[in-house]
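S.K.: Protein chains in written order, with our numbering: chain A, 1 to 250; chain B, 251 to 500.
All C-beta atoms in this analysis are idealised placements derived from N, C-alpha and C, irrespective of residue type, glycine included.
Number of protein chains: 2
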Amino acid sequence: MNEPGLGNISIVLVNTSHPGNIGASARAMKNMGLSKLVLVRPKEFPSGVATGRAASAVDLLEQARVVDSLGAAIADSGLVIGASARSRRIPWPLLTPEQCARQALTEVTGNRVALVFGREDTGLSNEELRLCHYHVRIPANPGYSSLNLAAAVLVVCYELHKAALPEAGGEAAAAEREWDREMATSEDVERFYEHLERVLVAVDFHDPKNPRQLMHRIRRLFGRTRIDVMEMNILRGMLTHIENNLTDRD
Amino acid sequence: MNEPGLGNISIVLVNTSHPGNIGASARAMKNMGLSKLVLVRPKEFPSGVATGRAASAVDLLEQARVVDSLGAAIADSGLVIGASARSRRIPWPLLTPEQCARQALTEVTGNRVALVFGREDTGLSNEELRLCHYHVRIPANPGYSSLNLAAAVLVVCYELHKAALPEAGGEAAAAEREWDREMATSEDVERFYEHLERVLVAVDFHDPKNPRQLMHRIRRLFGRTRIDVMEMNILRGMLTHIENNLTDRD
């Protein structure tokens, strides 16, 4: 039933206030051939309103995974793209919905992909946006650029569906970036950041009490690289060897 | 405020049952830079539900033209395109939303353009579809192709907005290149690799006599990131602090 590849792409909704938006998002997803919905601390779920708005996509609601944190939602994902309406203080690699679709379909063969959408009023926090490899922004009227949540989900899913159609050259796009290794999962990458932070504290480069955005900048640097599993092994190995060779101090 | 051309394109909703869909359509239109809404015999209008769902697009509802027949709605239009979910008995020139946007923008200079959407349950009648020059169909999951009315309006308006952008995708490409810092020079990057290699030798992670492609893999990892000058300072600072904290050995 689903287009090839789309089955490995999750839509993650963070802290949704209105259950109607959850239902409408499920419908938009199913219309466009997606099926995996993940809800991070929804305000009200399950909900009759969500079921009503989902129409014939109730199966997606029934199978939705409900989790406690964005970290848990994306733990097994090798590519995480977050929807962002505004430009932030720290710029981040930014995709159009079309580019987002190509990127997701290119990487979905070896990886799970998560597309993350924030709250109706405030979107994703800076903290949450930093957990993403890329941000996607929907081009809109600068005078009124705030899309309804389910509308944003629809646009992103619509571009995915278009890109996955055989005629769209979805296959050609897949050939664009073949990689010899799987990507590291978000969980692996988080453990690497923790390890790196320990080392940076040990060598007095980093003071968690006065962080000066150091770890944010490091996340942004490695986040846009997309680390594969072998590279992750190299980085972790480096850190372990460095730790083993540090002067003992108390 | 609106993109050039979009101001002459009307969205016509025929016999809408749910006022929420009228409000959501108005919001989708304004998000994408359209402003002219025409309602053919809506079941309930004006409506508090429509106003609520329109959010900051209430002005479009206030200025909406309410008429008695599709004929009256499209009387002044030189190009009429009707949304069609199913293939009909009478084949008709069929456009994708992208083609629909190009067609509309091509003709909008000398003409008023009307994009027509039917009822939530049964769409446009064959009679109404015959009043259209073209039909537009949104590509969707064959297993569940029935989009919510406002969702269909959004997809069509989104493609219009994309096609009307000065250079399609130009904005996004520009945003992508915006970065808050200069990029590090090749020379800086080479010095970083040399520094990193010295540290990796010192901690016994790297043996230049038996390199096992380590430095190649590290170059590939950092090479695809484009490191900026501030990040380069961070990386070099990390290495210096690590060196200063290594156990003395000979």
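Between the stretch 445 to 459 of chain B and chain A, which residues of the former have CB atoms less than 8 Å from a CB of the latter, in chain order?
M.R.: If the cut-off is 8 Å between Cβ atoms, the stretch 445 to 459 of chain B has 449, 450, 452, 453, 454 and 455 near chain A.
S.K.: Mind the definition here: the stretch 122 to 142 of chain A touches the stretch 378 to 388 of chain B only if three or more C-beta pairs lie below 8 Å; say whether that holds.
M.R.: No, they do not touch.
S.K.: Let me check understanding here. Comparing Cα to Cα, which of B:259, B:287, B:494 and B:442 lies closest to residue 205 of chain A?
M.R.: The candidate whose alpha carbon is nearest that of residue 205 of chain A is B:494.
S.K.: So if I threshold CB-CB distances at 9 Å, which residues from the stretch 480 to 497 of chain B count as touching chain A?
M.R.: Answer set for the stretch 480 to 497 of chain B: 480, 481, 484, 485, 487, 488, 490, 491, 492, 493, 494, 495, 496 and 497.
S.K.: Could you give the DSSP three-state label for residue 33 of chain A: helix, strand or coil?
M.R.: In this structure, residue 33 of chain A counts as coil in the three-state DSSP scheme.
S.K.: Quick check: the Cα distance between residue 488 of chain B and residue 439 of chain B, rounded to an integer number of angstroms?
M.R.: Distance between the alpha carbons of residue 488 of chain B and residue 439 of chain B is about 15 Å.
S.K.: Tell me the residue span of the alpha helix (DSSP H) that contains residue 192 of chain A.
M.R.: From DSSP, the alpha helix (DSSP H) with residue 192 of chain A extends over 186 to 202.
S.K.: Looking only at C-alpha atoms, which of B:314, B:296 and B:288 sits nearest to residue 327 of chain B?
M.R.: When each option's Cα is compared against that of residue 327 of chain B, the closest is B:288.
S.K.: Name the chain B residues that come within less than 7 Å of residue 148 of chain A, Cβ to Cβ?
M.R.: Going along chain B in sequence order, the residues near residue 148 of chain A (Cβ under 7 Å) are 274 and 277.
S.K.: CB residue 151 of chain A to CB residue 404 of chain B, shorter than 8 Å?
M.R.: Taking 8 Å as the Cβ cut-off, residue 151 of chain A and residue 404 of chain B qualify as a contacting pair.
S.K.: With a cut-off of 8 Å, does the C-beta of residue 82 of chain A fall near any C-beta of chain B?
M.R.: Taking Cβ atoms only, chain B never reaches closer than 8 Å to residue 82 of chain A, which makes this a no.
S.K.: With DSSP as the reference, label residue 114 of chain A as helix, strand or coil.
M.R.: If DSSP states are grouped into helix, strand and coil, residue 114 of chain A belongs with the strands.
S.K.: To the nearest angstrom, how far is it from the Cα of residue 457 of chain B to the Cα of residue 233 of chain A?
M.R.: The alpha-carbon atoms of residue 457 of chain B and residue 233 of chain A are separated by roughly 17 Å.
S.K.: Going by DSSP, which residues form a beta bridge with residue 433 of chain B?
M.R.: Paired residues: B:478.
S.K.: On the DSSP bridge list, what partners appear for residue 134 of chain A?
M.R.: According to DSSP, which records beta bridges pairwise, residue 134 of chain A is partnered with A:81.
S.K.: Please confirm whether residue 320 of chain B and residue 264 of chain B have their CB atoms less than 8 Å apart.
M.R.: Closer than 8 Å, so yes.
S.K.: Could you tell me which residues DSSP pairs with residue 95 of chain A in its beta bridges?
M.R.: The partner list for residue 95 of chain A (beta bridge, DSSP) reads A:136.
S.K.: Quick check: what's the CA-CA separation for residue 247 of chain A versus residue 497 of chain B?
M.R.: The alpha-carbon atoms of residue 247 of chain A and residue 497 of chain B are separated by roughly 5 Å.
S.K.: Quick one: using the 10 Å Cβ neighbour count with 16 as the cut-off for buried, is residue 162 of chain A buried or exposed?
M.R.: Residue 162 of chain A is buried by the Cβ-count criterion.
S.K.: Less than 8 Å between the beta carbons of residue 330 of chain B and residue 259 of chain B, yes or no?
M.R.: Taking 8 Å as the Cβ cut-off, residue 330 of chain B and residue 259 of chain B do not qualify as a contacting pair.
S.K.: Along the chain, where does the beta strand (DSSP E) containing residue 252 of chain A start, and where does it finish?
M.R.: There is no way to answer for residue 252 of chain A, as the model of chain A reaches only from 1 to 250.
S.K.: Residues of chain A with a CB under 7 Å from the CB of residue 282 of chain B: which are they?
M.R.: Chain A residues near residue 282 of chain B: 140 and 141.
S.K.: Whole angstroms is fine: what's the gap from residue 431 of chain B's alpha carbon to residue 49 of chain A's?
M.R.: Rounded to whole angstroms, residue 431 of chain B to residue 49 of chain A spans 47 Å at the Cα level.
S.K.: With distances taken between CB atoms, is the gap from residue 46 of chain A to residue 61 of chain A smaller than 8 Å?
M.R.: It is a contact, given that the beta carbons lie within the stated cut-off.
S.K.: Answer with buried or exposed for residue 36 of chain A, where buried requires no fewer than 16 other C-beta atoms within 10 angstroms of its C-beta.
M.R.: Buried.
S.K.: Residue 399 of chain B and residue 301 of chain B - do their beta-carbons sit closer together than 8 Å?
M.R.: No, the pair does not count as a contact, with Cβ atoms beyond the cut-off.
S.K.: Under 8 Å Cβ-Cβ, which residues of chain A neighbour residue 352 of chain B?
M.R.: Result: empty, since nearest Cβ-Cβ is about 15 Å, beyond 8 Å.
S.K.: What does residue 225 of chain A touch in chain B if you count any residue whose Cβ is under 7 Å from its own?
M.R.: Going along chain B in sequence order, the residues near residue 225 of chain A (Cβ under 7 Å) are 471, 474 and 475.
S.K.: Classify residue 122 of chain A: buried if its beta carbon has 16 or more other beta carbons within 10 angstroms, exposed otherwise.
M.R.: So residue 122 of chain A counts as exposed.
S.K.: Near residue 12 of chain A, which residues of its chain fall below 6 Å by C-beta distance, leaving aside the five closest residues on each side in sequence?
M.R.: If we look at residue 12 of chain A and ignore the five residues flanking it on each side, its Cβ neighbours are 38, 73, 114 and 116.
S.K.: Would you mind sorting residue 19 of chain A into buried or exposed? The rule is 16 or more other CB atoms within 10 Å of its CB.
M.R.: Its Cβ being crowded by 16 or more others within 10 Å, residue 19 of chain A is buried.
S.K.: Does residue 108 of chain A come out as helix, strand or coil in the three-state DSSP assignment?
M.R.: Residue state, collapsed to three classes: coil.
S.K.: Strictly below 8 Å CB to CB, what residues from chain A border residue 464 of chain B?
M.R.: Those within 8 Å of residue 464 of chain B in chain A are 234.
S.K.: For residue 60 of chain A, report the span of its alpha helix (DSSP H) as first-last.
M.R.: Residues 58 to 62.
S.K.: Could you pull the DSSP bridge partners for residue 289 of chain B from this structure?
M.R.: Paired residue(s): B:263 and B:316.
S.K.: Can you check DSSP and say which residues form a bridge with residue 501 of chain B?
M.R.: Because residue 501 of chain B is not part of the residues shown, which for chain B are 251 to 500, the question remains open.
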